[in-house]
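First comes the structure, then the notes that go with it.
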């Protein structure tokens, strides 16, 4: 039963943070961010929000710094929409899965090309 509650809360936070960043924030860097996952600690004191961006021309460090500065804004917006007594501290973390997938695809492509040229 507790797992379902955490999953529901994580799903709620994922949706709400995404809406806050895209619709309520005035920072244009946040428009292209995708929230990939949210993990909340068992005591509900911290929430780690995993994010990624699919555009190659944007600087991850700049976006990460901007997200760090926006945590108070996001948390106050969450407090208005959540019926929870305590809104967890937010931690934004870059999800580099997309980058790793691209690297693996490139390696596989190179292996295939090398095998084709050796035949």
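In the numbering used here, the protein residues as written are 14 to 132. A virtual CB, placed ideally from N, CA and C, is assigned to each residue, including glycine. No experiment lies behind these values; they were computed from the predicted model shown.
Item, Value
"Kindly confirm or deny that the region 69-86 and the region 40-51 touch, where touching means at least three C-beta pairs closer than 8 Å.", "yes"
"So the candidates are 122, 19, 126, 111; which of them puts its Cα closest to the Cα of residue 66?", "111"
"Is residue 111 near the ligand FMN, with its Cβ less than 7 Å from a heavy atom?", "The ligand FMN is not among the ligands present in this structure, which contains no ligands whatsoever."
"Alpha carbon to alpha carbon, how far is residue 56 from residue 33?", "24 Å"
"Output the boundary residues of the beta strand (DSSP E) element that contains residue 52.", "46-53"
"If we count the other Cβ atoms within 10 Å of its Cβ and call it buried at 16 or more, is residue 26 buried or exposed?", "buried"
"Is residue 48 closer than 8 Å to residue 24 when the C-beta atoms are compared?", "no"
"Please name the residue, chosen from 38, 88, 68, 70, that lies closest to residue 62 on a Cα-to-Cα basis.", "88"
"Buried or exposed: where does residue 51 fall if 16 or more other Cβ atoms within 10 Å of its Cβ makes it buried?", "buried"
"Alpha carbon to alpha carbon, how far is residue 99 from residue 122?", "49 Å"
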